[in-house]
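Numbering (the working numbering), first residue to last: 11 to 204.
Glycine is no exception: its CB is placed at the ideal position from the N, C-alpha and C atoms.
A short write-up of the structure that comes next.
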């Protein structure tokens, strides 16, 4: 009887774990080596779907592996497929999107970053805003930056304002200066002290 109980407990502890089905990755053209690297990163079924989404968008096998490694370093499951796809469709470069992943900025607020890109703000501005958010530092909001761009400010001046951490509370004053014909250079000097 003791032997039967021991065998039953032993059998219960030795359940075979089925490998994750990565056929969707193979079907979209991901290479065998890349799929094996994803297996080594213990990809889950939900992550297979996310990786397939970004791969279809045009991210390379290497980018897919890189983003999985980034999320593993963050100790989180990869759930940024929608964000990466949306940002790529808005015209943001793959390397810049991976930088956003490194900054852990592909979470709930990624829509603001996408809207900034769609408003014609450059990748460096979007990345700098994300860096400030990641560090908890003040910065002009995406909507304010879009209004300033629509008022005729150039990306270079906007980047200067963002790099200097001009807070969003200054956006109305900057816009007023711009509407009164103050140049980009004068605005940057006034609001950054440089």
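Your pair residue 40 and residue 65 checks out as a contact, with CB atoms roughly 6 Å apart and the cut at 8 Å.
Residues of the same chain with a CB within less than 7 Å of the CB of residue 180, apart from the 5 flanking positions on each side, are 201 in chain order. In summary, residue 170 is buried, with 16 or more beta-carbon neighbours lying within 10 Å of its beta-carbon over all protein chains present. Residue burial annotation: residue 85 is exposed, with fewer than 16 other C-beta atoms found within 10 angstroms of its C-beta. DSSP places residue 107 in the helix class (H, G or I) of the three-state scheme. Rounded to the nearest angstrom, the Cβ distance from residue 53 to residue 30 is 6 Å, consistent with a contact under 8 Å.
Taking each of 95, 49, 135 in turn and checking the Cα distance to residue 70, the smallest one comes out for 95. Nearest to residue 145 by alpha-carbon distance, out of 203, 115, 63, 97, is 115.
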